[in-house]
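Heads up, the sequence shown is in the numbering used here, so the first residue is 51 and it goes up one at a time.
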Amino acid sequence: MIVKTILKTKARGAGVVTISPQASIAEAARLLASHRIGAVIAVTANNAIAGILSERDIVRGLAQSDAACTSAKVADLMTANVQTCHEDDSVALLMKTMTDRRIRHLPVVDGGGRLTGMVTIGDVVKSRLDEMDMEVDNLRNYVSASH
Numbered sequence: 051m052i053v054k055t056i057l058k059t060k061a062r063g064a065g066v067v068t069i070s071p072q073a074s075i076a077e078a079a080r081l082l083a084s085h086r087i088g089a090v091i092a093v094t095a096n097n098a099i100a101g102i103l104s105e106r107d108i109v110r111g112l113a114q115s116d117a118a119c120t121s122a123k124v125a126d127l128m129t130a131n132v133q134t135c136h137e138d139d140s141v142a143l144l145m146k147t148m149t150d151r152r153i154r155h156l157p158v159v160d161g162g163g164r165l166t167g168m169v170t171i172g173d174v175v176k177s178r179l180d181e182m183d184m185e186v187d188n189l190r191n192y193v194s195a196s197h
């Protein structure tokens, strides 16, 4: 299975929630809560990826200085060096990347670096479970047909 297949099966499709790096952390937290998501992509005025902000980033900011965090900007807490993937990447590659880098969200970009979607660890787990279910069904059908 590849990323493109995962994006087609997502409830939100390939849509990605974005925010300005200059938005407040409070605004980002409201956005995360209202969309029931764990991370938001910070994009520049021309829609280039500037960073990614997760719930964990906000928690770390609060732990370091709760007063400063509430007035901070997304750019202050986001990860600027964003790991991305492409629509033709395999689920196996995503699992390796997410495990090795200890991340739960991978923005999907096209050949020109344009943001086209987001894949989460939950999406990857669901795709693997779906694959395993299909394999089990195929084996059951094979065994029952050979008897």
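We put the CB at the ideal spot given by N, CA and C, even for glycine. Fair warning: this is a prediction, and the values are worked out from it, not measured in the lab.
Buried versus exposed call for residue i [16 or more other C-beta atoms within 10 Å across all chains shown]
| i | result |
| --- | --- |
| leucine 179 | exposed |
| aspartate 150 | exposed |
| serine 104 | buried |
| alanine 142 | exposed |
| glycine 167 | buried |
| serine 194 | exposed |
| methionine 184 | exposed |
| alanine 117 | exposed |
Residue i versus the options, residue with shortest Cα-Cα distance
| i | options | result |
| --- | --- | --- |
| threonine 94 | Val124, Ala118, Glu181, Ile52 | Val124 |
| glycine 101 | Ile52, Ser177, Ile69 | Ile69 |
| lysine 60 | Ser194, Val169, Tyr192 | Val169 |
| aspartate 126 | Gly65, Tyr192, Ile75 | Ile75 |
| arginine 106 | Arg154, Ser84, Arg190, Asp173 | Arg154 |
| aspartate 160 | Lys146, Ser115, Ala98, Ala73 | Ala98 |
| methionine 51 | Asp138, Ser84, Val67 | Asp138 |
| arginine 164 | Ile91, Ala117, Tyr192 | Ile91 |
| asparagine 96 | Pro71, Ser177, Ala118, Val175 | Pro71 |
| cysteine 119 | Met145, Glu77, Arg86, Leu156 | Glu77 |
| methionine 148 | Leu112, Glu181, Met128, Asp173 | Asp173 |
Opening and closing residue of the beta strand (DSSP E) in which residue i lies
| i | result |
| --- | --- |
| glycine 101 | 99-104 |
| valine 93 | 89-93 |
| valine 158 | 155-159 |
Distance between beta carbons of residue j and residue i, contact taken as under 8 Å
| i | j | result |
| --- | --- | --- |
| threonine 134 | valine 158 | 7 Å |
| leucine 57 | valine 67 | Going by Cβ atoms, the distance from leucine 57 to valine 67 rounds to 15 Å, so no, they are not a contact pair. |
| valine 53 | leucine 144 | 7 Å |
Range of the contiguous alpha helix (DSSP H) that encloses residue i
| i | result |
| --- | --- |
| methionine 168 | No alpha helix (DSSP H) contains methionine 168, which is instead part of the beta strand (DSSP E) from 165-170. |
| alanine 142 | 141-151 |
| aspartate 116 | 116-121 |
| valine 66 | Segment: none, valine 66 is in no alpha helix (DSSP H) and carries neither H nor E. |
| isoleucine 56 | 53-59 |
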